[in-house]
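Inspection log for the structure reproduced underneath, given as structure tokens.
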Amino acid sequence: MIKLLIFIVVIAIPTQVFSKQTWQIVTENYPPYFSENLPSNGWLYEIAESALKTQGINSEAEFTTWDRALKLLEKTEKPLF
Numbered sequence: 000m001i002k003l004l005i006f007i008v009v010i011a012i013p014t015q016v017f018s019k020q021t022w023q024i025v026t027e028n029y030p031p032y033f034s035e036n037l038p039s040n041g042w043l044y045e046i047a048e049s050a051l052k053t054q055g056i057n058s059e060a061e062f063t064t065w066d067r068a069l070k071l072l073e074k075t076e077k078p079l080f
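Going by numbering that gives the first Met the number 0, the first residue of the sequence shown is number 0, and it counts up by one from there.
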């Protein structure tokens with residue numbers, strides 16, 4: 000549940016600075032909220048994607064294990080996790 004809360008807080012941050020960018024959202028499969036096996040990657044991802052689009056930000060989802068997501072965050076610029 001804490002991951003969900005962090006996800007929502009990050010989406011709520013003003014995103015004017017990040018417009019015209021593509022954010023890569025890195026997360027693990029967590030049905031029914033988000034999963035690569037769900038339509039539109041899950042209802043929570045769909046809401047996040049819509050919120051980002053209203054600010055002119057494109058998004059891509061990458062589903063992986065939580066440990067790998069943390070390592071990707073350390074090595075590369077993954078703005079949303």
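We treat Cβ as the ideally placed atom computed from N, Cα and C, and that holds for glycine.
- Secondary structure note for SER49: it is in no beta strand (DSSP E), and the uninterrupted alpha helix (DSSP H) holding it is 42-53.
- Counting every other CB atom within 10 Å of its CB across the protein chains shown gives ILE56 a total of 16 or more, marking it as buried.
- One thing to note: GLU59 has its Cβ within 8 angstroms of the Cβ of ILE24.
- For PHE6, the closest alpha carbon among the candidates THR21, GLN20, TYR29 is that of TYR29.
- A Cβ-Cβ contact shorter than 8 angstroms links THR63 with GLU27.
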